[in-house]
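Chains as they are written, first to last, in my numbering: chain A, 1 to 250; chain B, 1 to 250.
Set out below in structure tokens:
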């Protein structure tokens with residue numbers, strides 16, 4: 001799979017729209033149209049089922065094909081979001097996960113604000129049938145859920161992108177952001193997990209094996225939710241080292 | 001062409017969605033889905049190009065076929081809107097017509113208000129290619145225009161219906177909040193700090209003394225911000241014990 005091409009300049013900017021394991025090329029094309037309708041052109045594709053590029057996506061995108069030309073391709077979600085400071089995950093189904101839930105309107109405002117503060121921002125959209133994996137949702141600071149008829153809530157992929165884009169466009173210029181500390185990127189957090197989880201494995205904490213995936217998700221969710229700063233993530237690294245050192249001394 | 005069947009009761013209510021001379025049956029089906037997503041089920045069809053009913057509409061509507069069953073068929077726009085007190089016309093192109101222009105959000109609010117006042121309300125959507133005739137637009141009290149990228153503003157029929165429905169749904173009563181997992185109390189957090197901080201003191205992490213207060217504040221802020229659940233705080237206790245244990249083993 002070709003690598004990302006991060007040197008490619010966004011033309012219109014805005015949050016990255018991250019399509020995670022999309023199935024149908026036509027839907028990728030429809031998403032490109034929905035994005036361009038509302039001035040979004042930074043598409044990231046995580047492992048499209050039928051490979052990439054795809055003529056059918058281009059045919060569907062019609063005059064929005066520049067969005068497809070601009071799209072970057074990624075092997076997995078961590079690779080696609082590594083540079084992002086604010087990651088939001090769209091989901092229709094409620095998840096057993098304690099995480100703030102935003103409407104698309106609130107999400108658009110949060111994205112405007114983060115971008116105005118110089119952060120990198122992206123919104124994850126799952127595959128047509130099943131949506132995002134829990135593992136992907138955990139990586140986000142907040143969930144975006146479209147308020148809809150509970151008896152018939154399912155939207156197709158391009159419609160979900162359309163509604164976010166619509167709110168993004170309407171949110172307009174944000175109020176000037178307070179200059180805050182930069183938030184950690186998803187890669188910063190991933191590095192912390194890559195130290196914490198093996199340590200917990202070694203200590204026998206992530207046991208029994210059949211419960212490990214859920215335990216790991218719950219732990220990641222603790223740290224993903226608060227929107228930690230880069231500095232706070234280094235503090236967590238320090239705490240991890242200090243506790244292990246303490247045990248060694250006792 | 002069959003007449004209107006005004007005796008048929010709306011199940012969910014809301015404004016009538018009037019599709020004027022729609023071309024593709026699939027799009028009518030997609031509109032039915034978009035309507036039901038947002039609790040709208042009063043569809044009116046003006047002279048669909050390929051006749052009515054249509055199997056292709058039903059296939060596309062999938063579980064929203066009740067909206068199609070409920071749809072009424074009309075010979076022309078005047079017949080379709082005869083009973084309506086408030087008529088809005090969606091259009092992408094600007095028209096040389098002096099008429100108020102509303103966003104979908106404003107239109108949804110206007111519809112809510114009119115319905116609350118006991119009026120009959122409907123929104124006109126034109127055919128896929130050309131949109132509404134000027135003659136139809138003239139019949140409306142106001143125009144509804146979706147704010148979009150001026151360089152790429154065209155939406156398909158079901159998308160236009162979707163955006164109106166989305167705003168309609170949001171303009172209403174907010175759904176009751178879901179009961180989530182109970183959040184940790186301040187005492188739960190304080191208990192965690194009361195174990196973590198002495199451990200970090202002992203490990204020499206909270207050093208030098210003059211910096212200790214600020215370091216402690218920063219660490220507490222990491223955990224306070226996410227709104228942790230009681231369960232997550234116990235997980236943190238477990239992690240703390242596990243890391244110390246790991247150090248003891250190494």
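Every residue gets a Cβ at the ideal spot worked out from N, C-alpha and C, and that includes glycine.
{"Item": "Cβ-Cβ separation, residue 57 of chain B to residue 17 of chain B (assumed contact under 8 Å), whole Å", "Value": "14 Å between Cβ atoms; not a contact."}
{"Item": "Within chain B, the residues that residue 90 of chain A reaches when beta carbons sit closer than 9 Å", "Value": "Near residue 90 of chain A there are no residues of chain B at all, since even the closest Cβ is about 14 Å away, more than 9 Å."}
{"Item": "Neighbour list for residue 218 of chain A in chain B, Cβ cutoff strictly below 9 Å", "Value": "231, 232, 235"}
{"Item": "Reference residue 187 of chain A, options A:20, A:126, A:217, A:140, closest by Cα", "Value": "A:140"}
{"Item": "Residue range of the unbroken beta strand (DSSP E) whose run includes residue 33 of chain B", "Value": "Per DSSP, residue 33 of chain B belongs to no beta strand (DSSP E); it is in the alpha helix (DSSP H), 25-37."}
{"Item": "Residue 138 of chain B burial status per 10 Å Cβ neighbour count (16 or more: buried)", "Value": "exposed"}
{"Item": "Neighbourhood of residue 50 of chain A by C-beta distance below 8 Å, restricted to the same chain and skipping five residues each side", "Value": "23, 24, 25"}
{"Item": "Contacting positions in the region 147-162 of chain B - beta carbon closer than 9 Å to chain A", "Value": "147, 148, 149, 151, 152, 153, 154, 155, 156, 158, 159, 162"}
{"Item": "In DSSP terms, what residue 77 of chain B is bridged to", "Value": "In the DSSP output, where bridge partners are listed per residue, residue 77 of chain B has none listed."}
{"Item": "Exposure label - residue 167 of chain B; buried when at least 16 CB within 10 Å", "Value": "buried"}
{"Item": "Secondary structure of residue 155 of chain A, DSSP reduced to three states", "Value": "coil"}
{"Item": "Min CB distance residue 50 of chain A to chain B below 7 Å", "Value": "no"}
{"Item": "Length of the line joining the Cα atoms of residue 63 of chain A and residue 160 of chain B", "Value": "18 Å"}
{"Item": "Backbone CA spacing between residue 98 of chain A and residue 149 of chain B [nearest angstrom]", "Value": "36 Å"}
{"Item": "Residue 204 of chain B: CB within 6 Å of a non-hydrogen atom of the ligand ADP", "Value": "In the structure shown, the ligand ADP is absent, as is every other ligand, since no ligand is present at all."}
{"Item": "Proximity winner among A:83, A:36, A:59, A:76, relative to residue 184 of chain A (alpha-carbon distances)", "Value": "A:83"}
{"Item": "Contact under 7 Å by Cβ, residue 111 of chain A with residue 101 of chain A", "Value": "no"}
{"Item": "Residues bridged to residue 86 of chain B [DSSP beta-bridge criterion]", "Value": "B:121"}
{"Item": "For residue 144 of chain A and residue 104 of chain A, believed in contact at Cβ under 8 Å, the rounded distance", "Value": "6 Å"}
{"Item": "CA-to-CA distance, residue 214 of chain A to residue 91 of chain B, given in whole angstroms", "Value": "49 Å"}
{"Item": "Residues near residue 67 of chain B by beta carbon distance below 6 Å, same chain, minus five either side", "Value": "32, 35, 36, 41, 43"}
{"Item": "Residue-level contact to chain A via CB, residue 131 of chain B, 7 Å cutoff", "Value": "no"}
{"Item": "Proximity test, Cβ basis, 7 Å: residue 193 of chain B and chain A", "Value": "no"}
{"Item": "Closer than 7 Å to chain B by CB, residue 203 of chain A", "Value": "yes"}
{"Item": "Coarse secondary structure for residue 142 of chain A, derived from DSSP in three states", "Value": "strand"}
{"Item": "Those residues which DSSP pairs with residue 127 of chain A across a bridge", "Value": "A:131"}
{"Item": "For residue 72 of chain A, three-class secondary structure by DSSP", "Value": "strand"}
{"Item": "Contact check, residue 169 of chain A vs residue 147 of chain B, beta carbons under 7 Å", "Value": "yes"}
{"Item": "C-beta neighbour in chain B for residue 134 of chain A, strict 7 Å", "Value": "no"}
{"Item": "Interface residues of chain A facing residue 245 of chain B [CB-CB closer than 7 Å]", "Value": "203, 247"}
{"Item": "Three-state class that DSSP yields for residue 229 of chain B in the structure shown", "Value": "strand"}
{"Item": "Spatial distance of residue 129 of chain B from residue 180 of chain A (CA atoms)", "Value": "48 Å"}
{"Item": "Residues that residue 169 of chain A contacts on chain B, provided the C-beta gap is smaller than 8 Å", "Value": "147, 148, 149"}
{"Item": "Simplified DSSP state of residue 43 of chain B, which is helix, strand or coil", "Value": "strand"}
{"Item": "Beta-carbon contacts of residue 89 of chain A that lie in its chain and below 6 Å, excluding the five residues immediately before and after", "Value": "124, 132, 137, 140, 143"}
{"Item": "Residues bridged to residue 102 of chain A (per DSSP)", "Value": "A:144"}
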